[in-house]
Amino acid sequence: MSEKVISIQCPICSKDQIIKVPTSVFEEKKTGTIKVQIHQGICCVHEFLAFFDQEGKNRGYETFDAAIDLTNYQESRIEIFLRDILKKFGDHTLHLMLHAILLDSSVIVLHDKYVPEDNVSTKRLNIFLNKCLPKTYQKPLFKFLKDKNKRKGKIR
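So this is what it looks like as structure tokens:
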């Protein structure tokens, strides 16, 4: 898997970081900007969205008004509610996923450590979206990639 080296800068604290993004992300996008969610610890302690064109040139950033950390959130039942999906992933991320699905693009989830594809959160989201979507859009929705660029130790 080839990767494109991209430079990002936190819009809050201005910390610079080099990240690697799979070239398939850029190749699949035909028009518009590519949105990459930068999670805490990848660049600094902040979370934000970075926008790139198809060549990988930075086109801007957007910060979140609020973020909810639900890393320990898990239910034993497989009941699926929209409010739970929104709590876990946020409305903007869910909007981007639906947009990608309707345009028949892949939803690529980057993790800094191994997360099995049968992870409760992604399994629930997969079931929820497939029940809500018309038959033509029902399919496995996610590709999982491990972020090899994650540094060991803490980023200050």
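Counting from 1152, one number per residue, gives the positions in the sequence shown under my numbering.
C-beta atoms are modelled at their ideal positions from N, C-alpha and C, and glycine is treated no differently.
Keep in mind that this is a model prediction, so the values were computed, not measured.
Query                                                                                                     : Result
Beta-carbon spacing of residue 1162, residue 1199 below 8 Å                                               : yes
Supposed contact pair residue 1176 and residue 1185 - C-beta distance, whole angstroms, cut 8 Å           : 6 Å
Close Cβ partners of residue 1211 (< 7 Å) along its chain, the five nearest in sequence each way excluded : 1202
Where residue 1214 sits in the DSSP three-state scheme                                                    : strand
Given residue 1214 as reference, the closest of 1165, 1257 and 1174 once Cα atoms are compared            : 1165
Member of 1154, 1256 and 1286 whose CA lies at the smallest distance from the CA of residue 1206          : 1154
Boundaries (first-last residue) of the beta strand (DSSP E) holding residue 1309                          : The structure shown has nothing for residue 1309, since the chain only spans 1152 to 1307.
CA nearest to the CA of residue 1209, picked from 1160, 1234 and 1281                                     : 1160
Endpoints, the alpha helix (DSSP H) within which residue 1239 is located                                  : 1233–1240
Integer Cβ distance of residue 1280 from residue 1252, believed to fall under 8 Å                         : 7 Å
For residue 1238 and residue 1274, the rounded distance between their alpha carbons                       : 15 Å
Same chain, Cβ closer than 8 Å to residue 1179, neighbours up to 5 away in sequence not counted           : 1256 and 1257
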